[in-house]
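For reference, the structure is listed below as structure tokens.
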Amino acid sequence: MSRTARLAALAAGLCFTLPAVPSQAADVRKEIADMEQQWAEAVQHNDPEEIGTFLHKDFTFVNPRGQLLHRAEHLDDFRFRRTVFSKVKLSEVQIRVYGDAAVVTSRPAITGFAVTPAGTIHFQAQPARFTDTLIRFEGQWRSVARHMSLVPNGSAPRGSGDQE
Numbered sequence: 000m001s002r003t004a005r006l007a008a009l010a011a012g013l014c015f016t017l018p019a020v021p022s023q024a025a026d027v028r029k030e031i032a033d034m035e036q037q038w039a040e041a042v043q044h045n046d047p048e049e050i051g052t053f054l055h056k057d058f059t060f061v062n063p064r065g066q067l068l069h070r071a072e073h074l075d076d077f078r079f080r081r082t083v084f085s086k087v088k089l090s091e092v093q094i095r096v097y098g099d100a101a102v103v104t105s106r107p108a109i110t111g112f113a114v115t116p117a118g119t120i121h122f123q124a125q126p127a128r129f130t131d132t133l134i135r136f137e138g139q140w141r142s143v144a145r146h147m148s149l150v151p152n153g154s155a156p157r158g159s160g161d162q163e
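The sequence shown begins at 0 in numbering that gives the first Met the number 0 and counts up one residue at a time.
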């Protein structure tokens, strides 16, 4: 068998043994998208126990006022009703996966309020931006960090990083 024929046979054989990477990547992105939606629903229901299932034990949250909250503090805001949301609707969700880590950006519309040391923030279909950093931990995706920025109503045109 010629060298070319051996290489062709090897290449053909590899085609049948390589994992379906694009399909697996799509499955992982769907798994993360579903998790993000379930997390948003738990926040909308103001359920700290359910919210906690999406958060790694080392989770940190940077709120719109720039304050850093650890997992327990963030959950206490829901538990003691310092943060109450009646609506959290995600849009423009983008997911980038890096092995057992992922970065998710989204644009939620939020209705409710949050009491902070700097004052109460009222949200009325308030557009915002979330950036979530996730890791796969014990077989499940968990958030280790979330950053939230408010977007003035009617502003924040799509940037070059935004995708349709």
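Just so you know, even glycine gets a beta-carbon here, dropped at the ideal spot from N, CA and C.
Item	Value
Check whether residue 127 and residue 107 have beta carbons under 8 Å apart	yes
Residue 54 versus 72, 64, 91, residue with shortest Cα-Cα distance	72
Cβ shell of residue 163 (< 7 Å), same chain only, five flanking positions each side left out	At residue 163 the pLDDT is 40, less than 50, meaning the model places this residue with poor confidence; the figure from the coordinates comes in the next sentence. Taken in chain order, the list of residues that qualify is empty.
Within the stretch 19-97, ranges of the beta strand (DSSP E) (whole runs, at least 3 residues)	54-61, 67-69, 82-88, 93-97
Under 8 Å between C-beta atoms of residue 57 and residue 113	no
Assumed close pair residue 92, residue 35 - CB separation to whole angstroms, cut-off 8 Å	6 Å
DSSP beta-bridge partners of residue 150	Residue 150 is not bridged to any residue.
Presumed contact (8 Å Cβ cut-off) between residue 43 and residue 87, rounded CB distance	4 Å
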